[in-house]
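Quick notes on the structure that follows.
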DNA sequence: GTCTATATTGCGATAGAC
DNA sequence: GTCTATCGCAATATAGAC
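Protein chains in written order, with the numbering used here: chain D, 1 to 202; chain B, 203 to 404.
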């Protein structure tokens, strides 16, 4: 069965925007790659920017789902929260391989309309992690002098950097099927080990 | 004293390319902001891309310096190597606040001519850190089952992510003068703690 | 070394036929 | 819903005066 023009445009745009950036991709290239007429971009999405916004919102569906889940079923402990968060992120990276690229791209070179979308989700994740770390410090799990804001950035960096640089990283090392999951497992371990309160130093 | 057109163009281009990306900045905007005639871009740099390349190469001067220093005066131990590396990176971030942006921007959306520049430096850093981790594992400093490649990505993520997202990060938290150094100090601590071999678990 | 003027190409968007 | 044709504009780059 043949996909309709709208779907083909979204799928093609996701790839091209992620790989080349919003301004580098023209609607002509987009239409050619998707094998549809370029006038259909205006017809379905109003403009090139409208198409981009649709792509961007689609990228965040799984993040929204995860955040909803954490609100409905809060994990038992801070360590469990962070572990579950990391595992979710690993799965999301598999299903939305370009998500981090879009986020970083927007952070570095914000586009007018969509800054609001990105910031909305980032601030929700930020608040969730902040509360989790706060709780963990209060419970004595994490180092008491830990700067929470910094720790959040470190966690974000350690969990996401791999997926930004994955293509270039694979040029320097060997690869495997489940490399993303393997990476996140070690990264989470390093981070948790790094912020854990060491009983023997008390 | 008045700066010459060439210098003004380089300085303006560094800012604009970093903030908006190569394709979003036009030579007209560049010339207007630098208060020089737009034809001078071709005159001095051959093309917009030539100007970009010049900007990019300038960004890596301090990285090259650091790598040369590590070759000439190798640190005494792996832990010292990584600590010194982190401190150097923190200083470089202060003096070249856009460096990480350029690197990440090139990784996400590579431009034709300059991919070679970026990859050259990344691979040199990668090799240095790989050797350092190898040595540290052999010496029993770091966890013996550590995946070296992953650890390098984690270190890069933890050290650099802050500087990509700094503007947006500052919207979520309070700031101070030396925030970059404060961040890198905690991040390095977290990372080293995270990969250290724990004597009490032997 | 710096300017104006312009050649050329490609862009995003739309009108209107089918 | 999809097409062709085209409008208006902005892009990079360059020729040639000063």
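The beta-carbon is built from N, C-alpha and C at its ideal position, and this holds for glycine as well.
Inter-stretch contact at 8 Å, needing at least 3 Cβ pairs: the region 341-355 of chain B / the region 370-377 of chain B: Short answer: they don't touch.
- prompt: Quick one: Cα of residue 393 of chain B to Cα of residue 208 of chain B, how far?
  reply: 42 Å
- prompt: So the alpha helix (DSSP H) residue 102 of chain D belongs to, where does it begin and stop?
  reply: 99-108
message: Counting only beta-carbon separations shorter than 9 Å, does residue 391 of chain B have a partner in chain D?
response: Between residue 391 of chain B and chain D, the shortest Cβ-Cβ separation is below 9 Å.
message: Threshold first: 4 residues or longer. Then list the alpha helix (DSSP H) segments lying entirely within the region 330-381 of chain B, N to C.
response: You should have 350-374.
task: Please report how far the alpha carbon of residue 212 of chain D lies from the alpha carbon of residue 188 of chain D, in whole angstroms.
output: Only positions 1 to 202 of chain D appear in the structure, and residue 212 of chain D is not among them; the question remains open.
- prompt: Name the chain B residues that come within less than 8 Å of residue 186 of chain D, Cβ to Cβ?
  reply: 348, 349, 352, 353 and 356
- prompt: What's the call for residue 143 of chain D, buried or exposed, on a 16-neighbour Cβ count within 10 Å?
  reply: buried
message: Taking beta-carbon pairs under 7 Å, can you tell me which members of the region 167-186 of chain D lie near chain B?
response: 168, 169, 172, 173, 183 and 186
task: Examine the Cβ distances between the region 336-343 of chain B and the region 118-135 of chain D and report whether three or more of them are shorter than 8 Å.
output: Under the 8 Å Cβ criterion, the region 336-343 of chain B does not count as touching the region 118-135 of chain D, having fewer than three qualifying pairs.
query: Span of the alpha helix (DSSP H) holding residue 235 of chain B?
result: 229-236
- request: Mark residue 171 of chain D as exposed unless 16 or more other C-beta atoms lie within 10 angstroms of its C-beta, in which case mark it buried.
  value: exposed
task: Return the first residue and the last residue of the alpha helix (DSSP H) that residue 78 of chain D is part of.
output: Counting along the chain, the alpha helix (DSSP H) containing residue 78 of chain D begins and ends at 78-95.
- request: Report back the beta-carbon spacing between residue 103 of chain D and residue 309 of chain B to the nearest angstrom; my notes put them in contact at under 8 Å.
  value: Rounded, the Cβ-Cβ distance is 14 Å, inconsistent with contact.
message: Considering only the alpha carbon of each residue, which of D:193, D:158, D:98 and D:195 lies closest to residue 184 of chain D?
response: D:158
- prompt: What residue does the alpha helix (DSSP H) around residue 214 of chain B start on, and which one ends it?
  reply: 207-222
- prompt: Is any beta-carbon of chain D found at less than 9 Å from that of residue 222 of chain B?
  reply: yes
task: Quick one: using the 10 Å Cβ neighbour count with 16 as the cut-off for buried, is residue 263 of chain B buried or exposed?
output: exposed
field: Nearest neighbour of residue 195 of chain D, chosen from D:55, D:155 and D:10 [CA to CA]
entry: D:155
query: Per DSSP, what kind of secondary structure is residue 189 of chain D in: helix, strand or coil?
result: helix
- request: Compare the C-alpha of residue 53 of chain D against each of D:169, D:10 and D:186 and name the closest.
  value: D:10
query: Listed in chain order, which residues of the region 292-323 of chain B have Cβ atoms closer than 8 Å to some Cβ of chain D?
result: 303, 306, 307, 309, 310, 311 and 321
- request: Verify whether the separation of the beta carbon atoms of residue 215 of chain B and residue 236 of chain B is less than 9 Å.
  value: yes
Within chain B, the residues that residue 24 of chain D reaches when beta carbons sit closer than 8 Å: 225 and 311
- request: Could you pull the start and end residues of the alpha helix (DSSP H) that residue 47 of chain D belongs to?
  value: No alpha helix (DSSP H) holds residue 47 of chain D; DSSP gives it neither H nor E.
task: Please name the residues in the region 324-349 of chain B whose beta-carbon is closer than 8 Å to at least one beta-carbon of chain D, in chain order.
output: 324, 325, 328, 348 and 349
message: Any beta carbon from chain D within less than 9 Å of residue 404 of chain B's own beta carbon?
response: Any reading at residue 404 of chain B needs caution, since the residue's pLDDT is 41, under 50, leaving its predicted position unreliable; the model's value is listed next. Answer no: the Cβ-Cβ gap between residue 404 of chain B and chain D never drops below 9 Å.
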